[in-house]
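One line per chain: the protein sequences are A and B, in this order.
Here the first sequence stands for residues 10 to 122, where the numbers follow this note's numbering.
Here the second sequence stands for residues 1178 to 1520, where the numbers follow this note's numbering.
Note that the Cβ used here is the ideal one computed from N, Cα and C, for glycine as well.
Scroll down for the structure; my scribbles are underneath it.
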Amino acid sequence: MHEMSLVEGIRSIVLDQARTHGFSRVTVLRLEIGRFAGVEKPALDFAFDVVMRGSPAEGARLEIIDLPGQAMCYDCMTAVEIASRLDPCPRCGGGRLIPNGGDEMRIKDMEVV
Amino acid sequence: MCTVCGCSDKVIVDGREMSHDEAHRLGLAHHHAHSHGDGLPHGHDHTHDHSHGHSHPHRHGDTLHDHPHDHHHSHPHDHAHGAGHSHGDADHAHDHGGGDHHHPHEGTHHYGLGAAGVSVPGLTQARLIEVETSILAKNDAIAQGNRRVLTALGTLALNLVSSPGSGKTTLLCKTIEALGDTPLAVIEGDQQTSADADRIRATGARAIQINTGKGCHLDAQMVGHAIDELRPRPNSLLFIENVGNLVCPAAFDLGEDAKVAILSVTEGEDKPLKYPDMFTAARLAILNKVDLAPHCDVDLDLYEENLRRVNPDITILRLSARSGEGMATWIDWLRARLAEKAA
Chain A
10 MHEMSLVEGI RSIVLDQART HGFSRVTVLR LEIGRFAGVE KPALDFAFDV
60 VMRGSPAEGA RLEIIDLPGQ AMCYDCMTAV EIASRLDPCP RCGGGRLIPN
110 GGDEMRIKDM EVV
Chain B
1178 MCTVCGCSDK VIVDGREMSH DEAHRLGLAH HHAHSHGDGL PHGHDHTHDH
1228 SHGHSHPHRH GDTLHDHPHD HHHSHPHDHA HGAGHSHGDA DHAHDHGGGD
1278 HHHPHEGTHH YGLGAAGVSV PGLTQARLIE VETSILAKND AIAQGNRRVL
1328 TALGTLALNL VSSPGSGKTT LLCKTIEALG DTPLAVIEGD QQTSADADRI
1378 RATGARAIQI NTGKGCHLDA QMVGHAIDEL RPRPNSLLFI ENVGNLVCPA
1428 AFDLGEDAKV AILSVTEGED KPLKYPDMFT AARLAILNKV DLAPHCDVDL
1478 DLYEENLRRV NPDITILRLS ARSGEGMATW IDWLRARLAE KAA
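As structure tokens, this is what we get:
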């Protein structure tokens, strides 16, 4: 959706971290992206290459860790894991689920030199 | 884990246990056990200037032996016996550049071939920094700032989201008329033009236009600046009309009390299913232009069913800004939320 803005956010965090920790280059950057975060991975990859130019993370390898989608089923009142927001409850088949996890967009860690 | 040397152990300094990271930060000499990759763990005290010599069992080929040698990390060093020795892999506290530990010549340790291309005493060449920060952390922090300001004022902020052409601005103009002398202000977001802010100002309300240029959504910083300029009055309403877009604005917190999604009956009953993020994030959905429903073969109940499928908690109002149908319920909803906020 707005992968370019997201990567701008990553760039600003990288620059902050470079100042704090005094590194010159990021070799690997690992993100945790929830299933419901609405992030398109190929678009993120593309934006990453473009936006990171001239930053310490230029040329860094981007690794994405998928986090599962979680929801509360209002029919059986159970916390369940689902693949899509529109999936029925895997436990009771109910259709009234409120997602309560899986919209994460986090930088987990980075390997730097 | 220690970000300097990668060691996860607690260390003992002057008889006190502290984290390894802390010992490094304080620059204290400390003891810790480590392994040189030959599977033979050993421990010794050292400061982290890394010019210490020490002895530990290690392997040259198949022979296990022990002799003192220098770990002087800033220049090559020779072993008296002329044999290169390997420190193996990366789980060693004096990491020599992870797996890229080159021994191009016998008896030479080249420390300039690691990932950094240079060896800095006290620092490993590659290290891991745990960030654990949301990508939108900056936006979220600014949004929280906006929220604090608005809460202090008792101002109710609503983030109006919809696709382009759902009737947000017309609804706002009619809402401003219906609210009478309730103090309010409007922030208008569009890629280009100040047409919408002009329409709002024509009603007598205060409005600021934000043009995002190519941006597909408003962010917290833009709204923060607009709030500073508008200076909402205590116990007033602040409408933030987001860029017409059913995707991106869902992810960006602006500091609002609630998102209100506006959906017009001409858009199709499947929109909540096609763009679930937005309708999941919204507290209220307004089904607008219901006066057109008889002309466009639309099933209003199916709209509601699909909205509740993606968000069982959502409140739904059917209205027509043009005919005025349902406007009273909407105004009541607004006044009730404002009373809650101002309380």
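Taking DSSP's pairing of strands, which residues face Glu90(A) in a bridge? Position 81 of the first sequence, counted from the first residue, corresponds to residue 90(A). Paired residues: Gln79(A).
Return the residues of the stretch 84 to 103 of chain A that lie within a Cβ-Cβ distance of less than 9 Å from chain B, sorted by chain order. Here the close residues are Ser93, Arg94 and Leu95.
Starting from Lys117(A), find everything on chain B with Cβ-Cβ shorter than 7 Å and list it in chain order. Here residue 117(A) refers to the residue found at position 108 when the first sequence is read from its first residue. Within chain B, the residues near Lys117(A) are Val1308 and Glu1309.
Span of the beta strand (DSSP E) holding Leu1305(B)? The sequence position of residue 1305(B) within the second sequence is 128, counting from 1. Per DSSP, the unbroken beta strand (DSSP E) holding Leu1305(B) starts and ends at Arg1304 to Ser1311.
Does Lys1315(B) have its Cβ less than 9 Å from a Cβ in chain A? Counting from one through the second sequence, the residue named residue 1315(B) turns up at place 138. Chain A contact via Cβ: present.
Looking at the secondary structure, which residues open and close the beta strand (DSSP E) in which Gln1368(B) lies? Position 191 of the second sequence, counting from 1, holds the residue named residue 1368(B). No beta strand (DSSP E) holds Gln1368(B); DSSP gives it neither H nor E.
Out of Cys1393(B), Arg1514(B), Val1467(B) and Gly1342(B), point me to the one whose CA is closest to Thr1460(B)'s CA. Residue numbering aside, residue 1460(B) sits at position 283 when the second sequence is read from its first letter. Per the sequence shown, the amino acid found at residue 1460(B) is Arg instead of Thr. The shortest Cα separation from Arg1460(B) among Cys1393(B), Arg1514(B), Val1467(B) and Gly1342(B) belongs to Arg1514(B).
Are any of the Cβ atoms in chain A nearer than 9 Å to that of Leu1203(B)? By 1-based counting over the second sequence, the position of residue 1203(B) is 26. Per-residue confidence for Leu1203(B) stands at a pLDDT of 43, beneath the threshold of 50, marking its modelled position as unreliable; no derived number is given.
When the Cα atoms are used, what is the spatial distance from Met81(A) to Ser33(A)? As a working note, residue 81(A) is residue 72 in the first sequence. As a working note, residue 33(A) is residue 24 in the first sequence. For Met81(A) and Ser33(A), the gap between their C-alpha atoms comes out near 44 Å.
CB Val1529(B) to CB Gln26(A), shorter than 9 Å? An answer regarding residue 1529(B) cannot be provided, because it is not within the stretch 1178 to 1520 covered by chain B.
Pull up the distance between the alpha-carbon of Ala1516(B) and that of Thr1359(B), whole angstroms please. Indexing the second sequence from 1 puts residue 1516(B) at position 339. Indexing the second sequence from 1 puts residue 1359(B) at position 182. Each residue's alpha carbon lies about 12 Å from the other.
By the 10 Å Cβ neighbour count, where 16 or more other Cβ atoms means buried, how is Val1181(B) classified, buried or exposed? In the second sequence, the residue the question calls residue 1181(B) occupies position 4. Bear in mind that a pLDDT of 36 at Val1181(B), under 50, signals an unreliable position, so the number given afterwards is only what the model happens to contain. Looking at its Cβ environment, which holds 16 or more other Cβ atoms inside 10 Å, Val1181(B) is buried.
Start and end residues, beta strand (DSSP E) containing Glu1418(B): Translated into positions along the second sequence, residue 1418(B) becomes position 241. First-last of the beta strand (DSSP E) with Glu1418(B): Leu1414 to Glu1418.
Report the three-state DSSP secondary structure of Ala1459(B) (helix, strand or coil). Reading the second sequence from its first residue, position 282 is the one you call residue 1459(B). When DSSP states are grouped into helix, strand and coil, Ala1459(B) belongs to the coil group.
Distance, Cα to Cα, Pro108(A) vs Arg94(A)? In the first sequence, the residue the question calls residue 108(A) occupies position 99. In the first sequence, the residue the question calls residue 94(A) occupies position 85. Whole-angstrom Cα-Cα distance: 7 Å.
Pair within 9 Å by beta-carbon distance, Leu113(A) and Ala46(A): Numbered from 1 along the first sequence, position 104 holds the residue referred to as residue 113(A). Numbered from 1 along the first sequence, position 37 holds the residue referred to as residue 46(A). Looking at the sequence provided, one finds Glu at residue 113(A) rather than Leu. Contact annotation: Glu113(A) and Ala46(A) have beta-carbon atoms nearer than 9 Å.
Using beta carbons (cut-off 9 Å, strictly below), is Met61(A) in contact with chain B? Against the first sequence, residue 61(A) aligns to sequence position 52. At a cut-off of 9 Å between beta-carbon atoms, Met61(A) makes no contact with chain B.
Met61(A), enclosing beta strand (DSSP E) - first and last residue: Against the first sequence, residue 61(A) aligns to sequence position 52. Segment: none, Met61(A) is in no beta strand (DSSP E) and carries neither H nor E.
Please list the partners that Asn72(A) has in chain B, where partner means a Cβ-to-Cβ separation under 7 Å. Position 63 of the first sequence, counted from the first residue, corresponds to residue 72(A). A small fix is needed here, since residue 72(A) is Glu in this sequence, not Asn. The contacting residues do not exist; Glu72(A) stays about 12 Å from chain B at best.
Residues of its chain near Pro77(A), where Cβ-Cβ distance is below 7 Å and the 5 sequence neighbours each way are ignored: Translated into positions along the first sequence, residue 77(A) becomes position 68. Around Pro77(A): Arg44, Glu90 and Gly111.
With Leu53(A) and Glu12(A) assumed to form a contact (beta carbons below 8 Å), what rounded beta-carbon distance in angstroms separates them? Looking up residue 53(A) in the first sequence gives position 44. Looking up residue 12(A) in the first sequence gives position 3. At roughly 5 Å, the Cβ-Cβ gap stays under 8 Å, so Leu53(A) and Glu12(A) are in contact.
Looking at the secondary structure, which residues open and close the beta strand (DSSP E) in which Pro108(A) lies? For the purposes of this step, residue 108(A) is identified with residue 99 of the first sequence, where counting begins at 1. Where Pro108(A) is concerned, the enclosing beta strand (DSSP E) stretches over Leu106 to Gly110.
Nearest CA to the CA of Ala1505(B): which residue from Arg1304(B), Lys1351(B) and Lys1345(B)? As a working note, residue 1505(B) is residue 328 in the second sequence. Nearest option by C-alpha distance: Lys1351(B).
Between which two residues does the alpha helix (DSSP H) holding Ala27(A) run? Walking along the first sequence from the start, residue 27(A) turns up at place 18. Here the alpha helix (DSSP H) through Ala27(A) covers Glu12 to His30.
Would you check if there are 3 or more beta carbon pairs closer than 8 Å linking the stretch 1358 to 1372 of chain B to the stretch 1400 to 1418 of chain B? Yes, the stretch 1358 to 1372 of chain B is in contact with the stretch 1400 to 1418 of chain B.
How close, in whole Å, do the beta carbons of Val60(A) and Glu120(A) come, if the pair is a contact with beta carbons under 8 Å? Stepping through the first sequence from its first residue, residue 60(A) is reached at position 51. Stepping through the first sequence from its first residue, residue 120(A) is reached at position 111. Between Glu120(A) and Val60(A) the Cβ distance is about 19 Å, and since that is not below 8 Å, they are no contact.
How long is the line joining the alpha carbons of Arg1325(B) and Asn1336(B), rounded to whole angstroms? Position 148 of the second sequence, counted from the first residue, corresponds to residue 1325(B). Position 159 of the second sequence, counted from the first residue, corresponds to residue 1336(B). Near 16 Å, if we compare the C-alpha coordinates of Asn1336(B) and Arg1325(B).
Chain B contact residues for Gly78(A), given Cβ-Cβ distances below 9 Å: Taking the first sequence and counting its residues from 1, one reaches residue 78(A) at position 69. The contacting residues do not exist; Gly78(A) stays about 11 Å from chain B at best.
Under the three-state reduction of DSSP, which class applies to Asp1405(B): helix, strand or coil? For this step, residue 1405(B) is matched to residue 228 along the second sequence. The three-state reading of DSSP puts Asp1405(B) in helix, counting H, G and I together.
Check whether the stretch 1437 to 1453 of chain B touches the stretch 1465 to 1484 of chain B, taking contact to mean three or more Cβ pairs, one atom from each stretch, closer than 8 Å. At 8 Å Cβ cutoff, the stretches touch.
Is the Cβ of Leu24(A) closer than 9 Å to any Cβ of chain B? Start at 1 with the first residue of the first sequence, and residue 24(A) comes out as number 15. No, no contact with chain B.
Our contact map puts Ala1498(B) next to Leu1348(B) with C-beta atoms below 8 Å; I'd like the distance itself, whole angstroms only. Indexing the second sequence from 1 puts residue 1498(B) at position 321. Indexing the second sequence from 1 puts residue 1348(B) at position 171. Confirmed, about 4 Å.
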